[in-house]
């Protein structure tokens, strides 16, 4: 019954359903931007997920079994009070932060008004006390104080009416226990939402900073080069009739500069795509922790940039494999850098039994071999997996120094000035 009423109000609120054209929903049933329903939508949940708590209203229909029995008066009061309670509940979920407690108090007032003639109304009191803190920025101490004062009023009125002592004992206990459970869960959900927003903001700021860095690097990389190519082309045009051989030489130099610039751009893009080990370790930590795998690691030591870039890609694939396939509880990453080689070990306590070329290991092995290293795999079934990557440190031959783009542009400008003269 409760679910049916909730569904009907939801259809009414959204303007859908077979009879939506016949009834126009009022504006006050639309969820406010800061309501519980709106927050559920923002978190990707079903908007009316809180309706599950209405299962507790079964006590409205069970209470007469413990005294008084079912009667015509009970049925008539239930017929109008229960839908009114459901309406208050829906309004508490769809109303703005500052208005939601009003409807919780309305449930309490409804219960107190029916208390002399309708014992089932005690359930409305429990719901009102539980929802009194909905979307209110108050401390748990103040909330418990408010619930205690309301229970004092309830017990006083129930005692004056003549309710048994058992009722005056378990109703206050229920309001406190259920209220604490529900509100602690809601506070935890709000903290998780705030943490998720902070993570998204950090990622957004990091992406913005990275875009700005890439823009600065590309400007520094291509600015002088493109200006130099322009000068070379202009100089070639000026010398085309006066000195054809010099003009062809300038064109050849412009072509070579363009090829050098293309190679530099490709190298820069490769650097943009590759993350350093510190960033990759942080990313692996977030990935594995979200998969309920506790990761232990130490800060990476200093090593050649080309080894760091390659190990970062290998580490990314290894962390992905652990999250997807290992079914592990813990993982360890250890990186040692020596004068002869850099060694990285990735260990987990998962199910093991990994095939030598399965789960992306073939690609990892190819990447390691391309760097002149070796990959060892130990994965006994049921005893976890150990990956050991060893990359020898090789001296990089230094290319002969080339004149910078600025120096070449100054020389071309001086030649162009002479050609104009």
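In our numbering, the protein residues as written are 15 to 435.
We put the beta carbon where it would ideally sit given N, CA and C, even for glycine.
Since this is a predicted model, take the numbers as computed values, not measurements.
- Under the three-state reduction of DSSP output, residue 402 falls in the strand class.
- Counting the other CB atoms within 10 Å of its CB gives residue 137 a total of 16 or more, which places it among the buried residues.
- Counting of Cβ neighbours within 10 angstroms places residue 244 among the exposed residues, the total staying below 16.
- The C-beta separation of residue 68 from residue 103 comes to about 7 Å, placing the pair in contact by the 8 Å criterion.
- With distances taken between CA atoms, residue 114 lies nearest to 101 out of 101, 396, 400.
- Close CB contacts of residue 295 within its chain, under the 6 Å cut and outside five residues either way in sequence, are with 311 (chain order).
- Straight-line spacing of the CA atoms in residue 359 and residue 190 works out to 52 Å.
- The C-beta distance from residue 350 to residue 406 rounds to 13 Å, too long to meet the 8 Å contact threshold.
- For residue 263 and residue 257, the gap between their C-alpha atoms comes out near 10 Å.
- Bridge partners of residue 351 according to DSSP: 356.
- In the DSSP annotation of this structure, residue 336 is not part of any alpha helix (DSSP H), being labelled neither H nor E.
- Using a C-beta cut-off of 8 Å, the stretch 156-170 makes contact with the stretch 178-197, since at least three inter-stretch Cβ pairs fall below that distance.
- Here residue 361 has 346, 400 as same chain residues with Cβ atoms under 6 Å from its own Cβ, once five neighbours each way along the sequence are excluded.
- Within the stretch 105-189, complete alpha helix (DSSP H) segments of at least 4 residues are found at 114-128, 136-144, 154-175, given in chain order.
- Distances from the alpha-carbon of residue 97 to those of 82, 76, 71 put 71 closest.
- One thing to note: residue 332 has its Cβ within 8 Å of the Cβ of residue 378.
- The alpha-carbon separation between residue 164 and residue 117 amounts to approximately 15 Å.
- Taking C-alpha positions only, residue 133 is separated from residue 184 by approximately 14 Å.
- Nearest C-alpha to residue 63 among 44, 50, 384: 50.
- Around the C-beta of residue 353, fewer than 16 other C-beta atoms lie within 10 Å, and the residue is accordingly described as exposed.
- Taking a 10 Å sphere around the C-beta of residue 131, we find fewer than 16 other C-beta atoms and assign the residue as exposed.
- A Cβ-Cβ separation of about 5 Å places residue 395 in contact with residue 366 under the 8 Å criterion.
- Put simply, the backbone Cα of residue 85 is about 23 Å away from that of residue 180.
- Residue burial annotation: residue 122 is buried, with at least 16 other C-beta atoms found within 10 angstroms of its C-beta.
- DSSP, read as helix, strand or coil, puts residue 345 in strand.
- Under DSSP, residue 390 takes part in a beta bridge, and its partners are 402.
- Residue pairing for residue 310: DSSP places it in a beta bridge opposite 346.
- Its chain contains 134, 137 as the residues whose beta carbon lies nearer than 6 Å to that of residue 74, once the 5 sequence neighbours on both sides are disregarded; these appear in chain order.
- Comparing alpha-carbon positions, the option among 404, 392, 368 lying closest to residue 383 turns out to be 404.
- DSSP places residue 374 outside any alpha helix (DSSP H), giving it a letter other than H or E.
- Residue pairing by DSSP puts residue 361 in a beta bridge opposite 346, 400.
- DSSP places residue 74 inside the alpha helix (DSSP H), whose first and last residues are 72-76.
- In the same chain as residue 109, and ignoring 5 residues on each side of it, the C-beta atoms closer than 7 Å to its own belong to 46, 49, 117, in chain order.
- When secondary structure is reduced to three states using DSSP, residue 368 falls in the coil class, being assigned neither helix nor strand.
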